[in-house]
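Residues in the sequence shown are numbered consecutively from 1, following UniProt numbering. Virtual Cβ for every residue (Gly too), placed ideally from N, Cα, C. Bear in mind that the values here come from a model prediction, so they are computed numbers and not experimental data.
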Amino acid sequence: MPVSELNLQVNLSVGGLPFKQDKQLMFIFWGIILPVIGSFGLIGNILNMIVLFRMEMKSMTVYFLRTLVLTDTGIIVGCILGLSSISVTQLHPDNPAMNYYTHVIYPHMYTPINFIVMTLQFTNVWVTVAVTIERYIAICHPFSAENFCNKRNTFILIGCISVIAIAYNIPRCFATKVTECDNITECVTSCVGNRDACRSDAMPNVTQCDNITDCITPCDGNKRDCLSLVTTYLGRTKGYEQYYSVYAYMFVIYIVPLLILIILNILLIIELMRMRTRRTESNILPTPNENSETNMSIVLILIVVVFIICQTPGLVAQFWFLDQDVLSTWLCVSNTLFALNSSVNFLIYTTVGRKFRKILFTIFCLHAQGQRNRGAHNGANELATSTEMPAYASEDEPDETSRLQSVY
Numbered sequence: 001m002p003v004s005e006l007n008l009q010v011n012l013s014v015g016g017l018p019f020k021q022d023k024q025l026m027f028i029f030w031g032i033i034l035p036v037i038g039s040f041g042l043i044g045n046i047l048n049m050i051v052l053f054r055m056e057m058k059s060m061t062v063y064f065l066r067t068l069v070l071t072d073t074g075i076i077v078g079c080i081l082g083l084s085s086i087s088v089t090q091l092h093p094d095n096p097a098m099n100y101y102t103h104v105i106y107p108h109m110y111t112p113i114n115f116i117v118m119t120l121q122f123t124n125v126w127v128t129v130a131v132t133i134e135r136y137i138a139i140c141h142p143f144s145a146e147n148f149c150n151k152r153n154t155f156i157l158i159g160c161i162s163v164i165a166i167a168y169n170i171p172r173c174f175a176t177k178v179t180e181c182d183n184i185t186e187c188v189t190s191c192v193g194n195r196d197a198c199r200s201d202a203m204p205n206v207t208q209c210d211n212i213t214d215c216i217t218p219c220d221g222n223k224r225d226c227l228s229l230v231t232t233y234l235g236r237t238k239g240y241e242q243y244y245s246v247y248a249y250m251f252v253i254y255i256v257p258l259l260i261l262i263i264l265n266i267l268l269i270i271e272l273m274r275m276r277t278r279r280t281e282s283n284i285l286p287t288p289n290e291n292s293e294t295n296m297s298i299v300l301i302l303i304v305v306v307f308i309i310c311q312t313p314g315l316v317a318q319f320w321f322l323d324q325d326v327l328s329t330w331l332c333v334s335n336t337l338f339a340l341n342s343s344v345n346f347l348i349y350t351t352v353g354r355k356f357r358k359i360l361f362t363i364f365c366l367h368a369q370g371q372r373n374r375g376a377h378n379g380a381n382e383l384a385t386s387t388e389m390p391a392y393a394s395e396d397e398p399d400e401t402s403r404l405q406s407v408y
């Protein structure tokens, strides 16, 4: 699997030369740090969903943010399943359960996880670009915003990005496959602990530890459960391995989006500073809607800055001239930052987003009040044994939805 993709495998092929990642380093980053980051990220994203799917704004930004939180959540889950699990099992290869997971279960998981995560990454990257363009038009070209930034165009754009993301990543489903080690003739020493790896007629050249990259499944005395994750004919072609997995991926996921985001964010920051200067000089107070738009733009700028910081190391990992040890370490760091990028938006929303904080506070207050009301209702019912009427009932009492809408 080329380095240009998310490294969900322990074994990589760099310039035709195999190397194995440092298992302890993998365990530290992917087995400890990444799950901790991912757990907090999942909690934060759940809270993001609760708030964002209740927010009603004139701006179309909220629809992009809803898409981002969904893709962020999927990326976190995919990273934990694809990276954290294998890093833990590789550290304890002699454990029968972990050995079975590594060499029987995981080969079946790799291709679908790789496809899903890469599709979510594509969607996440280009939705981030789309929402940045929307903010740029709304702030820098407000008179054109009504024509371009509407709900219909927003849904069409999100739908197109999703369809293109799926279509672009379909070849990954046919680049690898799981096969059984047929016609097993002998067992050879593998790089995984003191276990044995199966040699089959399909891979007669697997003769020493350093060359075992395809058939890594240990076989026991009965030589059962021998599975291998192999590259298909498509995955071995120059068009896939070099042009699709390296060059196209590098330009589509990193270079083009990062350039667009950097340029538009610089223009956004300059325009926001100009607006603030004009208001200060003319002593004109901004309207509530202008304040809301400005605050949303600042939130987005911070999201994009974090995105650029966390995604740029992944761009560096595309360069195969890096030393193998450096590349191994860099992949551990870059994939962890990739998960971090999907986990920190809640902190940005709560720190900078005034409307987000207000809605989140309102939701928790309504939940707490509802718990108190139910407690009072249950207590009153226990006392009112002679009547079927509830102790707490009022047609004039507004429900949670009407209270939440009153925030606006």
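How is Ser334 classed by DSSP in three states: helix, strand or coil? Taking the first residue of the sequence shown as position 1, residue 334 is located at position 334. Ser334 falls in the helix class under three-state DSSP.
Output needed for Gly221: all residues of its chain with C-beta closer than 6 Å, excluding positions within five of it in sequence on either side, in chain order. Here residue 221 corresponds to residue number 221 of the sequence shown, with the count starting at 1. In this predicted model, Gly221 has a pLDDT of only 43, less than 50, meaning its place in the structure is not dependable; the value taken from the coordinates is given anyway. Excluding positions up to five away in sequence, the list is empty.
Tell me Leu272's beta-bridge partners as DSSP assigns them. Position 272 of the sequence shown, counted from the start, is the residue given in the question as residue 272. DSSP lists no partner for Leu272.
Thr232 - DSSP class collapsed to helix/strand/coil: In the sequence shown, counting from the first residue as 1, residue 232 sits at position 232. Reduced to three states, the DSSP call for Thr232 is coil.
Using 8 Å as the cut-off, can you tell me whether the segment 103-119 makes contact with the segment 237-245, which would need three or more C-beta pairs spanning the two stretches below that distance? no
Restricting to Cα atoms, I'd like to know which of Gln121, Phe338, Thr176 is closest to Thr312. Here the question's residue 312 lines up with position 312 in the sequence shown. If we check each option's Cα against that of Thr312, Phe338 comes out closest.
So Gly44 and Ser84 are supposed to be a Cβ contact under 8 Å. How far apart are they, rounded? Working through the sequence shown from its first residue, we reach residue 44 at position 44. Working through the sequence shown from its first residue, we reach residue 84 at position 84. Their Cβ separation, rounded to whole angstroms, is 18 Å, which puts Gly44 and Ser84 out of contact at 8 Å.
Look at Ser297 and Leu268 and say whether their C-beta atoms are less than 8 Å apart. As a working note, residue 297 is residue 297 in the sequence shown. As a working note, residue 268 is residue 268 in the sequence shown. Contact: yes.
Compare the beta carbon distance of Lys177 and Val104 with 8 Å and say whether it is the shorter of the two. Here residue 177 refers to the residue found at position 177 of the sequence shown. Here residue 104 refers to the residue found at position 104 of the sequence shown. No, the Cβ-Cβ distance between Lys177 and Val104 is not below 8 Å.
Secondary structure at Thr102, three-state DSSP: helix, strand or coil? Residue numbering aside, residue 102 sits at position 102 when the sequence shown is read from its first letter. Note: Thr102 maps to helix in three-state DSSP.
With a threshold of 7 Å, establish whether the CB of Val333 neighbours any heavy atom of the ligand NAD. With respect to small molecules bound, the structure shown includes none, and the ligand NAD cannot be examined in it.
With C-beta atoms as the reference, is Ala138 less than 8 Å away from Glu271? The residue you call residue 138 lines up with position 138 of the sequence shown. The residue you call residue 271 lines up with position 271 of the sequence shown. No, Cβ-Cβ distance for Ala138 and Glu271 is not below 8 Å.
Leaving aside the five residues before and after Ile46 along the sequence, list all residues of the same chain whose C-beta is less than 6 Å from its C-beta, in chain order. Position 46 of the sequence shown, counted from the first residue, corresponds to residue 46. Excluding sequence neighbours, Ile46 sits near nothing in its chain.
If you count every other CB in all the chains shown that lies within 10 Å of the CB of Phe364, and 16 or more means buried, which is it? On the sequence shown, residue 364 is found 364 positions in, with the first residue counted as 1. Exposed: under 16 other Cβ atoms inside 10 Å.
With a threshold of 16 other CB atoms inside 10 Å of the CB of Val326, please say whether the residue is buried or exposed. Along the sequence shown, one-based indexing puts residue 326 at 326. It counts as exposed.
Do Val299 and Val246 come within 8 Å of each other at the CB atom, strictly closer than that value? The residue given as residue 246 occupies position 246 in the sequence shown. The residue given as residue 299 occupies position 299 in the sequence shown. Not a contact, by the Cβ cut-off of 8 Å.
What separation, rounded to the nearest whole angstrom, lies between the Cα atoms of Asn153 and Val88? One-based indexing of the sequence shown puts residue 153 at position 153. One-based indexing of the sequence shown puts residue 88 at position 88. For Asn153 and Val88, the distance between alpha carbons rounds to 45 Å.
Between the Cα of Pro35 and the Cα atoms of Asn150, Lys358, Ser228, Asn335, which residue gives the shortest distance? Along the sequence shown, one-based indexing puts residue 35 at 35. If we check each option's Cα against that of Pro35, Asn335 comes out closest.
Thr232 versus Asn169 - alpha carbon distance: The residue labelled residue 232 in the question sits at position 232 within the sequence shown. The residue labelled residue 169 in the question sits at position 169 within the sequence shown. The alpha-carbon atoms of Thr232 and Asn169 are separated by roughly 16 Å.
Look at Phe29 and Cys332 and say whether their C-beta atoms are less than 8 Å apart. Sequence index remark: in the sequence shown, residue 29 carries index 29 (1-based). Sequence index remark: in the sequence shown, residue 332 carries index 332 (1-based). Yes, the pair counts as a contact, with Cβ atoms nearer than the cut-off.
Cβ pair Pro171, Leu234 closer than 8 Å: Counting from 1 along the sequence shown, the entry for residue 171 is found at position 171. Counting from 1 along the sequence shown, the entry for residue 234 is found at position 234. In contact: Pro171 and Leu234 (Cβ atoms closer than 8 Å).
Note down the Cα distance separating Tyr136 from Val62, rounded to an integer number of angstroms. In the sequence shown, counting from the first residue as 1, residue 136 sits at position 136. In the sequence shown, counting from the first residue as 1, residue 62 sits at position 62. Their Cα atoms are separated by approximately 15 Å.
Using DSSP with H/G/I as helix, E/B as strand and the rest coil, what is Val306? On the sequence shown, residue 306 is found 306 positions in, with the first residue counted as 1. Correct three-state label for Val306: helix.
Separation of Ala97 from Val131, as counted between CA atoms: As a first step, residue 131 must be located in the sequence shown, where it is residue number 131. As a first step, residue 97 must be located in the sequence shown, where it is residue number 97. Taking the straight line joining both Cα atoms gives about 45 Å.
For a test of the three-state rule: what should DSSP assign to Val178, helix, strand or coil? Indexing the sequence shown from 1 puts residue 178 at position 178. Three-state result, Val178: strand.
Rounded C-alpha distance that separates Phe122 from Ile253: By 1-based counting over the sequence shown, the position of residue 122 is 122. By 1-based counting over the sequence shown, the position of residue 253 is 253. Approximately 7 Å between the Cα atoms of the pair.
C-beta atoms of Met60 and Glu134 nearer than 8 Å: Counted from its first residue, the sequence shown places residue 60 at position 60. Counted from its first residue, the sequence shown places residue 134 at position 134. Result yes, Cβ atoms of Met60 and Glu134 sit closer than 8 Å.
When the distance is taken between beta carbons, is Ile86 closer than 8 Å to Gly41? The residue given as residue 41 occupies position 41 in the sequence shown. The residue given as residue 86 occupies position 86 in the sequence shown. For Gly41 and Ile86, no; Cβs fall outside 8 Å.
Three-state secondary structure assigned by DSSP to Ser200: Within the sequence shown, the letter at position 200 stands for residue 200. With a pLDDT of only 38 at Ser200, under the threshold of 50, the placement of this residue in the model should not be trusted; the figure read from the coordinates follows. Of the three classes helix, strand and coil, the one that applies to Ser200 here is coil, per DSSP.
Per DSSP, which residues does Leu227 bridge with? Please list them. Counting from 1 along the sequence shown, the entry for residue 227 is found at position 227. BP columns for Leu227 point to Glu180.
Would you call Thr385 buried or exposed, if buried means 16 or more other Cβ atoms sit within 10 Å of its Cβ? As a working note, residue 385 is residue 385 in the sequence shown. Below a pLDDT of 50, predicted positions are generally treated as unreliable, and Thr385, at 46, falls in that range; no measurement from the model is reported.
Does the Cβ of Met273 have 16 or more other Cβ atoms within 10 Å, making it buried, or fewer, making it exposed? As a first step, residue 273 must be located in the sequence shown, where it is residue number 273. That one is exposed.
List in chain order: all unbroken alpha helix (DSSP H) runs of 4+ residues lying wholly within the segment 59-97. 61-79, 85-91
DSSP state of Cys149 mapped onto helix, strand, coil: Indexing the sequence shown from 1 puts residue 149 at position 149. In this structure, Cys149 counts as coil in the three-state DSSP scheme.
For Ser328, count neighbouring Cβ atoms within 10 angstroms of its own Cβ and tell me buried if that reaches 16, exposed if not. Within the sequence shown, numbered from 1, the residue matching residue 328 stands at position 328. With 16 or more other Cβ atoms within 10 Å, it is buried.
Are Thr350 and Leu360 touching if we call contact CB-CB under 8 Å? The count along the sequence shown starts at 1 and reaches residue 350 at position 350. The count along the sequence shown starts at 1 and reaches residue 360 at position 360. Closer than 8 Å, so yes.
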